[in-house]
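Here the structure is laid out as C-alpha coordinates; the discussion comes afterwards.
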Amino acid sequence: MTEPSEAAAARIARLLDTDPRDVGCEEAMAVLHIYVDLVAAGGGAAARYPGVAAHLRACGPCTEDFEGLLAAVGM
(Lines of atoms letter the chains of each structure in order from A and count residues from 1; the text may use other names and numbers.)
(Lines give C-alpha, C1' and ligand atoms only; values in the text may rest on other atoms or scores of the structure.)
Protein backbone atom coordinates (compact mmCIF):
# COMPACT_ATOMS: atom_id res chain seq x y z
CA MET A 1 0.00 0.00 0.00
CA THR A 2 1.34 3.45 -0.88
CA GLU A 3 1.39 6.50 1.33
CA PRO A 4 -1.14 9.23 0.46
CA SER A 5 0.18 12.36 -1.21
CA GLU A 6 0.56 15.49 0.90
CA ALA A 7 -2.46 17.03 -0.81
CA ALA A 8 -4.58 13.95 -0.11
CA ALA A 9 -3.39 13.87 3.49
CA ALA A 10 -4.30 17.55 3.88
CA ARG A 11 -7.80 16.93 2.49
CA ILE A 12 -8.28 14.03 4.88
CA ALA A 13 -7.08 16.14 7.81
CA ARG A 14 -9.54 18.94 6.90
CA LEU A 15 -12.35 16.40 6.64
CA LEU A 16 -11.61 14.95 10.05
CA ASP A 17 -10.90 18.28 11.74
CA THR A 18 -13.90 19.66 13.59
CA ASP A 19 -14.38 23.11 15.02
CA PRO A 20 -15.72 22.98 18.58
CA ARG A 21 -17.80 26.07 17.83
CA ASP A 22 -19.76 24.21 15.09
CA VAL A 23 -23.41 24.31 16.19
CA GLY A 24 -24.64 21.58 13.86
CA CYS A 25 -27.26 21.57 11.14
CA GLU A 26 -30.38 22.03 13.26
CA GLU A 27 -29.17 25.10 15.14
CA ALA A 28 -27.57 26.62 12.04
CA MET A 29 -30.80 26.24 10.06
CA ALA A 30 -32.80 27.81 12.89
CA VAL A 31 -30.96 31.13 12.48
CA LEU A 32 -29.78 30.92 8.87
CA HIS A 33 -32.28 33.53 7.69
CA ILE A 34 -30.90 35.99 10.25
CA TYR A 35 -27.33 35.10 9.30
CA VAL A 36 -28.13 35.73 5.61
CA ASP A 37 -29.71 39.09 6.40
CA LEU A 38 -26.60 40.12 8.35
CA VAL A 39 -24.30 39.01 5.51
CA ALA A 40 -26.43 40.91 2.99
CA ALA A 41 -26.29 44.04 5.16
CA GLY A 42 -22.54 43.68 5.77
CA GLY A 43 -23.25 43.32 9.48
CA GLY A 44 -20.59 40.94 10.75
CA ALA A 45 -22.59 37.73 10.68
CA ALA A 46 -19.60 35.49 11.43
CA ALA A 47 -18.67 37.56 14.49
CA ARG A 48 -22.22 37.50 15.82
CA TYR A 49 -22.80 33.82 15.02
CA PRO A 50 -19.38 32.11 15.11
CA GLY A 51 -20.97 28.69 15.54
CA VAL A 52 -22.97 29.10 12.36
CA ALA A 53 -19.90 30.36 10.50
CA ALA A 54 -17.96 27.31 11.69
CA HIS A 55 -20.77 25.02 10.61
CA LEU A 56 -21.01 26.56 7.15
CA ARG A 57 -17.29 25.98 6.64
CA ALA A 58 -17.79 22.29 7.41
CA CYS A 59 -21.20 21.33 6.02
CA GLY A 60 -21.72 21.25 2.28
CA PRO A 61 -25.52 20.89 2.32
CA CYS A 62 -25.99 23.78 4.76
CA THR A 63 -23.58 25.90 2.74
CA GLU A 64 -25.67 25.20 -0.36
CA ASP A 65 -28.78 26.40 1.51
CA PHE A 66 -26.89 29.50 2.66
CA GLU A 67 -25.73 30.28 -0.88
CA GLY A 68 -29.27 29.78 -2.19
CA LEU A 69 -30.67 32.22 0.35
CA LEU A 70 -27.94 34.73 -0.48
CA ALA A 71 -28.86 34.43 -4.15
CA ALA A 72 -32.52 34.96 -3.26
CA VAL A 73 -31.71 38.26 -1.55
CA GLY A 74 -29.61 39.38 -4.49
CA MET A 75 -26.09 38.73 -3.20
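So in my numbering, spot 21 of the sequence shown is number 21, and the numbers just go up one at a time. Just so you know, even glycine gets a beta-carbon here, dropped at the ideal spot from N, CA and C.
Alpha carbon to alpha carbon, how far is residue i from residue j?
i     : j     : result
Ala72 : Ala46 : 20 Å
Gly67 : Glu26 : Position check: residue 67 holds Glu in this sequence, whereas Gly was assumed. About 17 Å.
Arg48 : Ile34 : 10 Å
Ala13 : Glu6  : 10 Å
Gly44 : Gly60 : 21 Å
For residue i, which residues from the same chain have a beta carbon less than 6 Å from its beta carbon, with the 5 sequence-adjacent residues on both sides left out?
i     : result
Arg57 : none
Asp17 : none
Ala28 : Val52, His55 and Cys62
Do residue i and residue j have their C-beta atoms closer together than 7 Å?
i     : j     : result
Thr23 : Gly51 : One detail in the question is off: residue 23 reads as Val in this sequence, not Thr. Cβ distance < 7 Å, so Val23 and Gly51 count as in contact.
Leaving out five residues before and five after residue i in sequence, what residues of the same chain have Cβ atoms less than 8 Å from its Cβ?
i     : result
Leu70 : Val36, Val39 and Ala40
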